[in-house]
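Protein chains in written order, with the working numbering: chain A, 1 to 313; chain B, 1 to 304. Let me begin by presenting the structure, written as structure tokens, before commenting on it.
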Amino acid sequence: MNHHRFLTRFLVLMLLALAGLPALLFARGPDVPCTGIDCEQVALFDMPASGFWGNPQEVGIGIHMYVQNEVMFGMYYGYAPTGAPVWYLFTARLQRADDSPGLLRAEATLEEYRNGSCIGCAPAAPEQAGLPGHISLVFDQRNHGIYRIDGGEAIHIVPLHANSAVAGEFRDTMRYALPDPEGAWVLTFKAESGAGAWFERVGSISGVFGSREVRDAQGGHEPHAIDWTFASVSSGEVFPIGRLFCTTYGEGSPPSTIDLECGLELEYPSGMFPEFDGGVRFPLPYANIGDGRIVSKDPVSGIRLEAFRIGYD
Amino acid sequence: MKWIFGLLLALWLAPLWLTPVLAQGGPGYPCQGCVEDRPLFTMPSSALWYALERPGTGLSITVQDGFLVGMYYGFTPTGAPLWYLFTGPLEQPEDAPSKMRVRANLQRVENGPCLGCGYQAPDFLPSPGEATLEFDQANHATFAIDDGEPLTMLPFIAGVGYARLLPSYTDYNFPDLNGTWVAVQEVPQADGNWRYDSHIGELRSSSKLDRYANWNLLESWTPLDQYVILGLYCAFNRGIPGVDDPHSHDVPDCWLSDIVDLPDRPLGERLYFPVPYANIGASRISAVHPQTGVRLTMYRLEYD
């Protein structure tokens, strides 16, 4: 790994975040539209991404969320009224409301601790010093959410991608730095075997997303699109079996005349999932495409997709 | 619900009264099965980590393709909360090639907005010191600031139960592994590229004793056609054919056993991957085959 490449990317991301400050005039944080599907009603992800989250326009404040099996364990890193750094611990269980089953919600009390060990000091047990506030979180996509402190102003947050190449074609409208998936991934699938069946089918296929291809709109008649071919390798032969795409129509990009639509199409012979013989198209809200994970569910077949970037995290 | 959070908080506060016990002769966290020339894991766990010897102190860690973003959380000498940011690439140090290390200046940030207040840009102040974070296993590390005493760091396990399966040999808490996992093989090719293979199934614990633990990945084509290819076990010398157990006869080793298609070799060769105890995590199990360089990583589905 090239040390300078890492640092350069990180610094560039930080500069881009600072460059977004004028947007503060309109909203706090990146409101990433949920396009292509009704995210409020269709559950396409099981949990938000784990990692550092924040509003890229407000550097210096971070929420580290780590989700395991619907349990969220997090830290809020901010400041006391004096300006001193402070952190608050919170734990919550992610839940779905009946009237908006596509959204994941969490409610938690922030806990402040004091009098623990300082650096180089003898061990000391910290004491709970207070409950300074209440945090509520709502996620409509795996990599986009909103939080509020004590019911106050909504702040949009996204995960910090410190070391991922970005596909920036739709950055202005979507306000989410789309990680470029080029590289090795394993795609996994889960589905019931049929109506009333108890058997759960699982399957996987590994392969590589190729480099990004860009098609520019031409006078509004052709889509403005980006896509990546997904290919598996077997016996030394490379077999393209699908593609990940984001497409919009319009006079260049943006503005567009219809919403951006992203998806993952797969077509290949599969003994366990014969649906793939005829092709399956997984809808992908833009911010379900993460740097280390891509998740979705095909509403037609009911097949759940969870893709892991190999060796990434 | 509440018992889970209570358990988490108890764990968070537990190290203080555990420390004397562990210091009096617990086995610690030996890197059993590790080799000298390379780490046997691809990436350390992204998680909230805690300092075993310093309750309420720890690290938030996110790793992305070899780059680590960390936040140290702890307390000032007056007992006030404190955090420092640090970032850097994970490197394989020349003086300790079996480990992965990040060395970076801590960033001290102050005077940002208070909770629920309007935004104001914080000040980035002079660095208070250099952090060194060193992983010998995917779920075990030491952390030091400047020349200070290294602290033992371990990730929280929040989503499943855990147990000290081999209490005479390691203090490591093995997470409950039962669930759906996909195993990914990264196989180096003669031309310098990698080939990727995978298989998926239900990991099930088949036996647990004080000196032995075993899990099998149950795969299936139909409900009536189930089979096992991949196994994970921790045991004393198993007499693996053709494999010299590099470790003591007095300590159990953990192994992943899987069938791999190697280039220029007969199809379907079974390889035995040594797995240091703390490479067995709640959402990842990672191993490297020292002789062939094949990497085997297991990812848990629908977990994180």
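All residues carry an ideal CB built from backbone N, CA and C; glycine is no exception. These numbers come from a predicted model, not from an experiment.
- With fewer than 16 other Cβ atoms inside 10 Å of its own Cβ, residue 264 of chain B counts as exposed.
- Residues are counted here when their Cβ sits less than 7 Å from a Cβ of chain B; for the segment 79 to 96 of chain A these are 79, 80, 81, 83, 84, 85, 86, 87, 91 and 93, given in chain order.
- Taking CB atoms only, residue 204 of chain A has a neighbour in chain B less than 9 Å away.
- A residue is called buried when at least 16 other Cβ atoms come within 10 angstroms of its Cβ; residue 65 of chain B meets this threshold and is buried.
- With fewer than 16 other beta carbons inside 10 angstroms of its own, residue 240 of chain A counts as exposed.
- Straight-line spacing of the CA atoms in residue 74 of chain B and residue 33 of chain A works out to 37 Å.
- The C-alpha of residue 194 of chain B lies about 26 Å from the C-alpha of residue 214 of chain A.
- For the pair residue 257 of chain B and residue 206 of chain B, the Cα-to-Cα distance works out to about 15 Å.
- Taking a cut-off of 8 Å for Cβ pairs, the segment 168 to 176 of chain A and the segment 292 to 303 of chain A do not touch, as fewer than three such pairs fall below it.
- Closer than 9 Å to the CB of residue 211 of chain A there is not a single CB belonging to chain B.
- In the three-state reduction of the DSSP assignment, residue 276 of chain A falls in the helix class.
- Judged by DSSP secondary structure, residue 78 of chain B falls outside any alpha helix (DSSP H); it is assigned neither H nor E.
- Interface criterion not met: the Cβ of residue 141 of chain A is under 9 Å from no Cβ in chain B.
- From the beta-carbon of residue 75 of chain B, the residues of chain A found nearer than 9 Å are 113, 114, 115, 116, 117, 118, 119, 121, 124 and 126.
- In the DSSP assignment, residue 174 of chain A falls outside any beta strand (DSSP E) and within the unbroken alpha helix (DSSP H) covering 171 to 174.
- In the same chain as residue 260 of chain B, and ignoring 5 residues on each side of it, the C-beta atoms closer than 7 Å to its own belong to 185, 187, 269, 271 and 294, in chain order.
- At least 9 Å separates the CB of residue 136 of chain A from every CB of chain B.
- Per DSSP, residue 99 of chain B lies in no beta strand (DSSP E) segment and is marked neither H nor E.
- At least one CB of chain A lies nearer than 9 Å to the CB of residue 46 of chain B.
- In the structure shown, the three-state DSSP call for residue 119 of chain B is coil.
- Taking the Cα positions, residue 69 of chain B is about 27 Å away from residue 36 of chain B.
- Residue state for residue 287 of chain A is assigned as helix, using DSSP reduced to three classes.
- In the three-state scheme derived from DSSP, where H, G and I count as helix and E and B as strand, residue 193 of chain B is classed as coil.
- The beta-bridge partner set that DSSP reports for residue 259 of chain B consists of B/270.
- Around the beta carbon of residue 263 of chain A, 16 or more other beta carbons sit within 10 angstroms, so the residue counts as buried.
- Taken atom to atom, the span from the alpha-carbon of residue 153 of chain B to that of residue 91 of chain A is near 20 Å.
- Residue 115 of chain A carries a coil assignment under DSSP once its states are collapsed to helix, strand and coil.
- The three-state secondary structure of residue 104 of chain B, taken from DSSP, is strand.
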